[in-house]
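Numbering (our numbering), first residue to last: 1 to 1112. Each residue gets a CB set at the ideal place from its N, CA and C atoms; glycine is no exception. In this text, all values refer to a predicted model and were calculated from it rather than measured experimentally. Structure record follows, encoded as structure tokens.
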């Protein structure tokens, strides 16, 4: 029953639940209370033998708690039902006990044995609730029981119970801090948990109990980075904040070299340049020493784990939770290189459309960011313009940001905005605007006079507060160039009769006293007026009247001697002791007597010394030492529990502490099988076995950690930091290579029968090619032999895993020969580079530009076979309809990769129908059913008759809208309807496009930042040559090879480099978005895969597919 229905029943019933009953005494007419029978009906229901009544009572009690009413007097009646066998009642009892166990500890202790039994309950919710109640009883005597329960729950099969165990750890720690060592062991165990449900809770426990034990995070760092995207939102916030502190202790400052260059280029030179006594030789020597120190510093190379953290947190900038976006923003601000911090600006500006509370926190952090990195938010200047509906706090913060962003280029726009703001009815906001104008004038000298004139015009405003604030700001600006603005000082002196705001009157008096030499006639008259009203002025004004009198006495004693003595006598008997003390001090200082000391000689220097002009600084300037997004930053004061952000280390700690041995999850009967499986699929076996097409978080963890560990070992090799790790990694690679050879041999033996028929067909093809190419050299023949043998071995391996079939219908042999003759020049096997290094440059050039040459040829549908574009001779087929489901009709489909002539925005899908039944099938056609929004289908022509045992082919077009979502269709015959779905791999959603290398690099430069994904990998031993890489990439995705150009990688006169970069280009079929792929190879099979794509989802999926293709 819901809370509202329970509430209605209570109102309609005889007694009100949770409140005392009130009635009228018919005799006395007074109100009397019946507290003695409060909640009696609920207690009766709880004592009943019927579970339905108990359940009803518990629902009403929980509804009372939800409405904030006190139900603690029901504790004895509720706690008796903790042993109830009804699961629904037991859950609600535990909810009640969690709320009141701390208040009624003695009664809760009586039921501890029941809670312990609940920890063994088969229902995970009961186990978790029992642990939650047990940890809510704040009695030290049961600490051992709680510790035992937490340890058992940490090993529970249910992740929900393990999460509850993580929540119980801080409760036990606050109850008994001496249990810290045992709790750390539990935290270490839970940190190794791979489920996303537990990750956030255990990190929270880590932060509460042992935030200094950074060594516990080392082994789990990569896992936490990879799980981050799937953790619940508040867990993400906790993990990101913890990883920010971790990264500050484990990685080098990415902006260190830039800051050193800035310091060395500006600060040091000016310092030494001002020292005139130093010899020129010493200067030169010091400059050379500084230059040598900068040169010795190694160029900064970002740690792969540092990059992993930045890469995995970037997608969270699109989170719907403002706290997550803010956490990622502070992480990037504190950890990322300057060039990459800009990505957070757009996300933070998006949060400004949220509630005013969220805006307040975001603007506080943006105001701090704009002081150090102004350029981030300059493109979004208009987003900080103030709306009339904004609260005053938001307006003032936006003003702060606008003032920080002001520079020579945008100051005119900002000042026009400020002019509008001054007309606002919100006086506090107007005062803040005038202060902002003063800051702009201080920071940007070019507009100082303009701002000053504008502020002087405000002095004639009707609103006294506006005039007063203008006077205060003008006073600060006039200190910069007082001699030029004596007219303004005279104008302000006239305002003393009208302005009543104490701060403004004090500012005018200070100005007149400080620059009395510029207004010698007006100053004594102002003092005369002030002396008349001295007794009625505020204290701050009285102090400035004393200062004015002293300064005029020292500069113009003839006119002001008597006035000064009069003012000093008035101040002598003032109620404020500050004013009395000031009057005594000034009298002894400026009026020399026998008793006055030596200081009176220097009175003029003391009072009329040149004062430096005030620097108008942002109030947020001193906040950046607090971590952004924290409560301490918001309050500008250290809050309880705040942990300081550590400084960057001077030398990078050992990165090998984060290396983790990948566990073997697949169960095998013997050690040899386990080794073979590990070599065959070292990182992805977990994901394929468990999750299928949608990868689980665990599989992502394994793959990412493995690639990162590989990159770590490569980095350590290149820098030659540790020889032992080199030897270990080399020995492991040798073992893996041996195991891989065994697996290949085994696969070849298993597929000999399937291979024999294919080898005969390929021999016939080779004979035809040799007849057509009599003029070619022997090397070309060897090249084609090696290619054919390699492709057959690859085909046999792939056929053992996935069913592949050429999508060509059964036809007589003669047309096949004719088609082969027409396609002889277009067969890719002839043109692709061979595995051997002795490749002729002409064939290389042909292979690079082959696909683009094919695009210009006009071929008929019958001639344009799929082999024209696909690198291998066969296409991967997918089962659309099984022969058992289809009652004898089986259908397979493949993506032919030829343009679909009726509509260029559709993907061509080739269907092959086989009638395995004994009867004929009639009227085969397709209907589009349940298509996703935007998808379109062009059906194939209806097949009127398909005889028994025969095969037919057809081509249809589907517009997938650049999405891998399945198209759900209906395949119909004359008698039956079958629901089928066609789901495209991401590589089939694109078409090849020709780009030169310079065009490729130019387009790649425009698709940086969030549009670029980079992964490091170790190529399989079979795929380390150019031919294999090109074949695997073009098999995984329908892309064309970009020919080498500017860097002369493949020109005929220059031999190819040892480690070239292979580039591929294409566009998505529907939207035409550019897709750029780069595979840069290195030593010992280490490679880097980079995908640049406007569509981030397609880019992410493409990276995974190509990684699988190159490492599988």
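At a Cβ-Cβ threshold of 8 Å, residue 555 and residue 524 do not count as neighbours. One thing to note: residue 913 has its Cβ within 8 Å of the Cβ of residue 946. Sorting 877, 902 and 899 by C-alpha distance to the C-alpha of residue 891 places 877 at the top.
In the three-state DSSP reduction, residue 992 falls in the strand class (E or B). Taking C-beta atoms as the reference points, residue 411 and residue 316 fail to come closer than 8 Å.
Across the set 632, 626 and 633, the C-alpha of 626 shows the shortest separation from the C-alpha of residue 645. A Cβ-Cβ contact shorter than 8 Å links residue 467 with residue 499. In the three-state scheme derived from DSSP, where H, G and I count as helix and E and B as strand, residue 137 is classed as coil. Residue pairing by DSSP places residue 912 opposite 892 and 953 in a beta bridge. A direct Cα-to-Cα measurement between residue 453 and residue 246 gives close to 52 Å. Beyond the five residues adjoining it in sequence on each side, residue 921 comes within less than 7 Å, by CB distance, of 889, 915, 946 and 973 in the same chain, given in chain order. Distances from the CA of residue 471 to each of 935, 496 and 480 were compared; the closest alpha carbon is that of 496.
In this structure, residue 531 places its C-beta atom within 8 Å of the C-beta atom of residue 567. For residue 104, the secondary structure class from DSSP, reduced to helix, strand or coil, is coil.
Checking the DSSP bridge columns, you'll see residue 98 has no partner listed.
At least 8 Å separates the beta-carbon of residue 494 from that of residue 465. Per DSSP, the beta bridge partners of residue 925 are 972.
A Cβ-Cβ separation of about 19 Å leaves residue 179 out of contact with residue 203 under the 8 Å criterion. The alpha-carbon of residue 1086 is positioned some 16 Å away from that of residue 1103. Look at residue 1012 here: in three-state DSSP terms it is strand.
Per DSSP, the unbroken alpha helix (DSSP H) holding residue 454 starts and ends at 448 to 458.
Residue 1074 and residue 1089 have their C-alpha atoms spaced approximately 17 Å apart. Look at the beta carbons and you see the segment 83 to 91 not touching the segment 62 to 75: under three pairs across the two are nearer than 8 Å. Membership of residue 340 in the alpha helix (DSSP H) is indicated by the continuous run 338 to 341.
With contacts defined as CB atoms closer than 8 Å, residue 243 and residue 310 fail to qualify as a contacting pair. For residue 163, no pairing in a beta bridge is given by DSSP.
In the three-state reduction of the DSSP assignment, residue 885 falls in the coil class. DSSP places residue 1005 in the uninterrupted alpha helix (DSSP H) bounded by 997 to 1006.
The C-beta distance from residue 982 to residue 1037 rounds to 18 Å, too long to fall under 8 Å, and the pair is not in contact. According to DSSP, residue 1067 shares a beta bridge with 991 and 1074.
One Cα belongs to residue 430, the other to residue 390, and the distance between them is close to 14 Å. In this structure, DSSP gives residue 1086 an extended state, which the three-state scheme calls strand. Pairing residue 205 with residue 170 gives a Cβ-Cβ distance under 8 Å. Per the DSSP secondary-structure output, residue 208 pairs with nothing in a beta bridge. Under the DSSP assignment, residue 937 falls in the beta strand (DSSP E) whose first and last residues are 936 to 938.
Our two residues, residue 372 and residue 395, have alpha carbons roughly 21 Å apart in a direct line.
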